[in-house]
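Peer 1: Throughout the sequence shown, residue numbering follows full-length UniProt numbering, covering 1 to 79 in sequence.
Heads up, the beta-carbon is just placed ideally off N, CA and C, and yes, glycines get one too.
All figures in this text were calculated on a predicted structure; none of them were measured in a lab.
Please see the structure below; I have some questions.
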Amino acid sequence: PECGKMFRLKAGLLKHRLIHTEKSRATSYIRRDCGRSFARHTDLTRHRRAHRGERPHRCTGCGKTSLEKTRLTDHLRTH
């Protein structure tokens, strides 16, 4: 069964598939506000931060902010 979600990288798809297995459903983390579930606690935490509008990583060059450090690292390559 496929949910139709698409990913740029195969690693993202493989990680996503975990939420569709019975084992991970039993141990998944669910956000009560929106009903989304996550296989890993770190993914739930990142999702909560997005809901709150947290963007703790800031570019010293232009002030752009990011939720994830990896996104900021990608952005820094543009300067």
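Under the rule that 16 or more other beta-carbon atoms within 10 Å means buried, what is A11, buried or exposed?
Peer 2: Result: exposed.
Peer 1: Rounded C-beta distance between R55 and T65? I'm assuming under 8 Å.
Peer 2: Contact holds; Cβ gap of about 4 Å.
Peer 1: Cβ of L72 within 9 Å of Cβ of R49?
Peer 2: Cβ distance not < 9 Å, so L72 and R49 don't count as in contact.
Peer 1: Less than 9 Å between the beta carbons of H20 and F7, yes or no?
Peer 2: Cβ distance not < 9 Å, so H20 and F7 don't count as in contact.
Peer 1: For S28 and D74, what's the separation of their Cα atoms in angstroms?
Peer 2: Approximately 30 Å between the Cα atoms of the pair.
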